[in-house]
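Numbering (the numbering used here), first residue to last: 3 to 341.
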Ligand SMILES: *Cc1c(COP(=O)(O)O)cnc(C)c1O
Ligand code: SF4
């Protein structure tokens with residue numbers, strides 16, 4: 003079993019995603035220069051980046067079209083003065099009431115049977131529309147010791163059958179930590195499923211390493227990966243290869259998107275996204291209406307428009323390629339599905 007070429011390739015891949023993660027574009031001037039865009043057209047109050055810094059992984063940047071301010075990938079990461087609180091007084095910092103469903107640090111228990119763990123405090127990217135941009139990660143990133151309280155909480159409640167790794171982005175954490183946590187959870191007899199909510203394989207496809215596949219497929223828990231992609235152009239050949247490696251290992255693959263003005267709020271974009279996902283072996287799951295968190299108003303699409311778009315998808319696609327339009331309501335027993 004010692005194929006030296008194979009081993010060398012593994013090591014390369016493992017180093018590579020960490021290097022890419024350590025070398026994100028964080029300066030708007032650099033971002034715009036790479037895209038041949040003039041920074042003079044982007045007046046930016048320093049407060050915008052102070053409250054939510056710029057973070058763009060280079061493999062994602064490479065898929066953007068040069069010279070195009072309206073590029074749907076760029077729009078998702080481009081900081082704008084419109085994010086400032088002054089222009090957005092109605093939105094709250096915690097629209098989902100998550101601070102009430104947080105019994106132990108690192109764990110959210112809102113819905114019956116499943117708990118969400120904030121496994122990593124950071125992401126490979128900063129999506130400007132992110133509803134967790136104000137989340138208290140400081141309190142919610144347990145060290146190893148504190149993970150024990152999370153594990154104990156789950157072990158005490160036999161109704162919990164599914165654990166969801168979230169964040170931040172769980173795959174921004176290293177495989178050693180993730181393998182350790184998974185092994186600890188696996189010994190809880192009533193747990194059946196392990197779900198991973200992640201955008202990292204889209205941002206940095208090199209993240210799908212054999213180390214990742216080893217712990218994901220080596221657990222008795224049935225793994226489900228829910229990717230987060232909003233536009234077909236995010237899914238280039240490198241991403242397709244990464245997704246191939248996941249599906250070749252028998253993982254159930256789903257995708258959730260956020261409905262975003264100027265990114266995917268038209269039938270064509272949504273149809274292409276569903277078609278492309280299916281080509282790669284991924285089924286659309288949720289299409290989320292934006293949560294009204296502070297600073298994201300410029301991405302908002304109305305519920306009426308969301309319903310209209312999903313209706314148009316229904317006329318053009320098989321039912322299994324139409325995502326469920328969803329919105330979270332604080333205190334509700336489930337995500338509210340509107341269509
Ligand atoms: C979205 C979410 C879930 C998962 O909900 P599903 O409808 O099962 O996808 C679980 N817990 C929390 C806190 C969530 O926000
Ligand atoms: S990957 Fe998800 S959690 Fe991270 S910034 Fe983007 S939307 Fe937010």
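Virtual Cβ for every residue (Gly too), placed ideally from N, Cα, C.
Since the structure is predicted, the reported quantities are computational estimates derived from the model, not experimental observations.
- No heavy atom of ligand 2 is found nearer than 7 Å to the CB of residue 111.
- Residue 112 carries a strand assignment under DSSP once its states are collapsed to helix, strand and coil.
- The nearest non-hydrogen atom of ligand 1 is 7 Å or more from the C-beta of residue 332.
- Note that the C-beta distance between residue 257 and residue 279 is below 8 Å.
- Residue 334 and residue 291 have their C-alpha atoms roughly 16 Å apart.
- Residue 208 counts as buried, since at least 16 other C-beta atoms from the protein chains shown sit within 10 angstroms of its C-beta.
- Membership of residue 200 in the beta strand (DSSP E) is indicated by the continuous run 195-200.
- Closer than 7 Å to some heavy atom of ligand 2: that describes the Cβ of residue 170.
- The bridge partners DSSP lists for residue 117 are 165.
- Under the criterion of beta carbons closer than 8 Å, residue 167 and residue 198 qualify as touching, at roughly 5 Å.
- The three-state secondary structure of residue 51, taken from DSSP, is helix.
- Shown here, residue 259 sits in a strand according to DSSP, grouped into three states.
- Short of 7 Å from the beta carbon of residue 309, and not among the five residues preceding or following it, lie these beta carbons of its own chain, in chain order: 327, 340, 341.
- Assignment of residue 328 by DSSP, reduced to helix, strand and coil, places it in the strand class.
- The straight-line gap separating the alpha-carbon atoms of residue 204 and residue 189 is approximately 31 Å.
- Pairing residue 80 with residue 50 gives a Cβ-Cβ distance that is not under 8 Å.
- Judged by DSSP in its simplified three-state form, residue 228 adopts strand.
- Taking the CA atoms as reference points, residue 264 sits about 17 Å from residue 230.
- Boundaries of the beta strand (DSSP E) harbouring residue 289: 285-290, taken from the DSSP string.
- At least one heavy atom of ligand 2 lies closer than 7 Å to the C-beta of residue 134.
- In terms of side-chain proximity, the C-beta atom of residue 128 is found nearer than 7 Å to a non-hydrogen atom of ligand 2.
- For residue 201, the Cβ falls inside the 7 Å cut-off from some heavy atom of ligand 2.
- Contact between the segment 19-33 and the segment 50-66 is established, with three or more Cβ pairs separated by less than 8 Å.
- Nearest neighbour of residue 63 by Cα position, chosen from 32, 287, 116, turns out to be 32.
- Counting of Cβ neighbours within 10 angstroms places residue 322 among the exposed residues, the total staying below 16.
- The three-state secondary structure of residue 106, taken from DSSP, is strand.
- Bounds of any alpha helix (DSSP H) do not take in residue 73, whose DSSP letter is neither H nor E.
- When the alpha-carbon of residue 75 is set against those of 195, 123, 299, 127, the nearest one is in 127.
- Rounded to whole angstroms, the separation of the alpha carbons of residue 238 and residue 101 is 37 Å.
- Shown here for residue 289: same chain residues with a beta carbon closer than 6 Å to its own, the five before and five after excluded, namely 259, 261, 325, 327 in chain order.
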